[in-house]
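Taken in order, these protein sequences are the chains called C and U.
Numbering follows this note's numbering, with no gaps: position 148 of the first sequence is 148.
Numbering follows this note's numbering, with no gaps: position 26 of the second sequence is 1026.
Think of the CB as a built atom: it goes at the ideal place given N, C-alpha and C, for glycine as much as any other residue.
Here's the structure we're looking at; comments come further down.
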Amino acid sequence: MSEMSNRERFLAKMAGQETDRTPVFCADQTATYEQMEHLQAFWPEAHCKAKDMATLASGAYHMLGFDAVRVPFCQTIEAEVLGCTPKHAGREGLPSIDVHPFKIGDPVKPLPDNFLELGRIPELINAVKMLKEEVGDKVAVIGGIIGPYSIAASLVGVIDILKMSFKNPEKLVPYLDLAEQAGTALAQALVEAGADVICIEDMMASMDMISPKIYKTSVAPWETRQIKSISVPVILHICGNLDLIIDDIAETGVTAISVEPKVDAPAAKEKLSKYDRFIPLIGGVDAVTTLYSGSPEQVAQVTVDAINQGYDMIAPGCSIPPGSTLENLKAMVIGAQRQKAD
Amino acid sequence: MATVDLNSVFVRYDLKKEVIEKSVSTSKDVLLQAVITAVVDGDEDAIPGAVNAAFAAHDPMDIIKDGLVKGMAEVSRLWDEGVYFLPQTIISSDAMLAGIEICEEKMGKAMDKKGVVITHTAEGDIHDLGQKIVNALLRANGFEVVDLGKDVPVDDVISAVKKYKPVMVTGTALMTTTMTAFKKIASRLTHDHNELPFVCGGGAVSLEYVNSFDTGIWGKDAQQAPGMAEDAVSGKSWSQIREKYNG
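See below:
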């Protein structure tokens, strides 16, 4: 078939249609130090200012050849607005949450009416608008939000949420409700700003953190509610081995699932094939052992193998380590082209 | 001899049936078994009663060794088999630590420590759960742990090493964006001619990465930490420990 544009390729695969080759992108953060130098857009400004955020994100298209660009880079924007204190990490790192504002049991106020005007949210919305204007006709634009369980973990602290998920999950409901409403409101705003796709990162819902039972009780109901409220295709990214919960994830109604290579891809594909909609499996390239530590040739080969194994869209299994080389990142696209030629 | 019905424990945890059929390490001593059960159960409320009752027949050191640590070993086994997930192990480790504290009070002094280990979670990383397990296992095995916590800057690790003179340092990272701090720590330490074993582990950390810098030893899981610390105390160098565990 004739060559598609990056945007066409990405959106066609999300919709379960035929593509000229397997799309390549990253469901999580895409910035690297080399892109920052080349584009002259750096952290921490790119975490806070729309222009720098959009410029740095556009590197995924201009420099890496990915089929989608994505903002933001960090996972703290909603949590900060809900009262968490972020700790900034300068030029090299991502902000993290330093202070959790709630102890479990503390009362929760409703989501502020002006939520979308607070903190860095207007900058994120503007960054999506800029990306849409500048590259949106050539490449898909992904708006990133954080999943309900992960925002709730920022609100009450990781250890406390894990313990309570096990002991008395009912007590988490107010925080999960607030977290879901925040993420959903942000997602809708990003869609209005031009995002073609929303990616929910719910990294705390990993089986490295919780159990399948906790996923069913304290995660899936809120993800489901959120996904139902979003009017564009939704990718759900969860880290770790998801073999035990692939069906639960599919049942949230999500469009596509982004996973780490720890997941048994053929088994996951088989489970997903039972649903009456096409659910793309995204991933295949380990962010550390392959993308960061490997050679370009290894990255390309892993990409070819991942496609042959059943991955529908190629992506790192997690956030791109910012020290990864351009050559390695571009090798994912080279691998996808080579696989098509084989 | 007491028989303890572990089935009730497993039912409560909604566990898979095959686990119940496997042999579970238990104590024939009813008092110690109650301590083990409280740890496996993660029942911190039951710990004071169980530990205090055990003092009637056991000295505190034995309760630590044959009750609390044994219970945690059982939890580790369930974790290894994919039956227990992280929340259960955290709750169990809280119970174990509460029990150790009661035993130490009874002894009137802290257990003699084999050496100091500094543990930390990488700067920018808020996932310090792996580190918590490492801390618990090191403490249970008689090491003094200097817990620097999560999201620790490189400088803080370097100054803690100067201050506490540990036998070993550990670092954990679960995020792919944070692990590069480990290489910086190792190079700062070796630059100061300090060739301490530096054990790095966690979801984002690979054998290849950790073995790419001097003094780095890859920790596959938290359970390896006490053995590595024992080796460090016995005078093994980082390269010998790396050879042993990373082969």
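- Message: Looking at chain C, is there any beta carbon in it that lies within less than 7 Å of the beta carbon of U/D1151?
- Response: Taking a beta-carbon distance threshold of 7 Å, U/D1151 counts as an interface residue toward chain C.
- Rounded C-alpha distance that separates U/A1232 from U/V1117: If you draw a straight line from the Cα of U/A1232 to the Cα of U/V1117, it comes to about 10 Å.
- Query: Can you name the start and end residues of the alpha helix (DSSP H) that C/T55 belongs to?
  - Reply: Run containing C/T55: A50 to H62, per the alpha helix (DSSP H) assignment.
- Query: Helix, strand or coil for C/A46 per DSSP?
  - Reply: Note: C/A46 maps to helix in three-state DSSP.
- Task: State buried or exposed for C/R277, treating a residue as buried only when at least 16 other CB atoms are found within 10 Å of its CB.
- Result: C/R277 is exposed by the Cβ-count criterion.
- Query: Assuming C/L363 contacts C/I161 under a Cβ cut-off of 8 Å, what Cβ separation, rounded to an integer in Å, is found between them?
  - Reply: Since the displayed chain C opens at 1 and closes at 342, residue 363 of chain C lies outside it and no answer follows.
- Message: I want to see whether chain U comes within less than 7 Å of C/P321, judged by CB atoms only; does it?
- Response: It does; some Cβ of chain U falls within 7 Å.
- Query: Skipping 5 residues on each side, what residues in its chain have a beta carbon closer than 6 Å to that of U/G1071?
  - Reply: Excluding the 5 residues flanking it on each side, U/G1071 has same chain C-beta neighbours closer than 6 Å at I1036, V1039 and V1040, in chain order.
- Boundaries (first-last residue) of the beta strand (DSSP E) holding U/G1099: Element bounds for U/G1099: not the beta strand (DSSP E) but the alpha helix (DSSP H), L1086 to M1107.
- Task: For my contact list, C/I77 and C/I121 are in at a C-beta cut-off of 8 Å; report their separation, rounded to the angstrom.
- Result: 6 Å between Cβ atoms; contact.
- Residue-level contact to chain C via CB, U/S1076, 7 Å cutoff: No, no contact with chain C.
- Item | Nearest to U/G1049 (by Cα), restricted to the options U/I1102, U/K1244 and U/K1184 | Nearest of U/I1102, U/K1244 and U/K1184 to U/G1049, Cα basis: U/I1102.
- Which value, in whole angstroms, describes the spacing of the CA atoms of U/V1051 and C/L111? Spanning the alpha carbons of U/V1051 and C/L111 requires a straight line of approximately 46 Å.
- In this structure, does DSSP put C/D160 in helix, strand or coil? DSSP places C/D160 in the helix class (H, G or I) of the three-state scheme.
- Item | Cross-chain neighbours of C/D208 in chain U, by beta carbon under 8 Å | The contacting residues are L1086, L1174 and G1203.
- Query: How is the beta strand (DSSP E) around U/V1199 delimited, first residue to last?
  - Reply: DSSP places U/V1199 inside the beta strand (DSSP E), whose first and last residues are F1198 to G1201.
- Message: Residues of the stretch 84-113 of chain C in Cβ contact with chain U at a cutoff of 9 Å, in chain order, please.
- Response: If you check each beta-carbon in the stretch 84-113 of chain C against every beta-carbon of chain U, the ones closer than 9 Å belong to K87, A89, E92, G93, L94, P95, S96, I97 and D98.
- Are C/M209 and C/S150 touching if we call contact CB-CB under 7 Å? Their beta carbons are not under 7 Å apart, which means C/M209 does not touch C/S150 by this criterion.
- Do you know offhand how far C/G83's Cα is from C/A182's? Roughly 12 Å separates the two Cα atoms.
- Between U/E1081 and chain C, is there a C-beta pair that is closer than 7 Å? With 7 Å as the cut-off, U/E1081 does not count as an interface residue toward chain C.
- Could you tell me which residues DSSP pairs with C/K87 in its beta bridges? C/K87 is bridged by DSSP to C/S96.
- Task: Report buried or exposed for U/A1057, applying the criterion of at least 16 other Cβ atoms within 10 angstroms of its Cβ.
- Result: Classification of U/A1057: exposed, given that the 10 Å Cβ count is below 16.
- Contacts that U/S1206 makes with chain C (C-beta to C-beta distance below 7 Å): Within 7 Å Cβ-Cβ: V288, T289 and S293.
- Looking at the C-beta of U/I1020, does it have a partner C-beta in chain C at a distance below 7 Å? Here U/I1020 scores only 39 on pLDDT, less than 50, and its place in the model should not be relied on; the value that follows carries that caveat. No - not a single Cβ of chain C is within 7 Å of the one on U/I1020.
- Query: So what does DSSP say about U/D1227, is it helix, strand or coil?
  - Reply: Reading the sequence as shown, one finds Gly at residue 1227 of chain U and not Asp. Reduced to three states, the DSSP call for U/G1227 is helix.
- Quick one, are the C-beta atoms of U/S1212 and C/T289 less than 7 Å apart? Result no, Cβ atoms of U/S1212 and C/T289 do not sit closer than 7 Å.
- Item | Closest Cα partner of U/G1202 within the set U/D1221, U/I1185 and U/Y1209 | That would be U/D1221, whose Cα lies nearest to the Cα of U/G1202.
- Message: What does DSSP give as the partner residue(s) for C/H237 in the beta ladder?
- Response: Paired residues: C/E201 and C/S258.
- Task: Provide the residue span of the beta strand (DSSP E) that contains U/V1146, from first to last.
- Result: The continuous beta strand (DSSP E) containing U/V1146 extends over residues E1144 to D1147.
- Message: Can you give me the C-alpha to C-alpha distance between C/V299 and C/I145, rounded to a whole angstrom?
- Response: Cα to Cα, C/V299 sits roughly 28 Å from C/I145.
- Supposed contact pair C/G143 and C/V79 - C-beta distance, whole angstroms, cut 8 Å: The displayed chain sequence assigns Ala, not Val, to residue 79 of chain C. Distance from C/A79 to C/G143 at the Cβ level is roughly 17 Å; contact not present, criterion being Cβ atoms closer than 8 Å.
- Query: Leaving out the 5 sequence neighbours to the left and right, which residues in its chain are closer than 6 Å to C/M1 when beta-carbon positions are compared?
  - Reply: Excluding its 5 nearest sequence neighbours in each direction, C/M1 has C-beta neighbours in its own chain below 6 Å: D20, listed in chain order.
- Query: Which word fits C/Q40, buried or exposed, when buried means at least 16 other C-beta atoms lie within 10 angstroms of its C-beta?
  - Reply: Exposed, because fewer than 16 other Cβ atoms sit within 10 Å of the Cβ of C/Q40.
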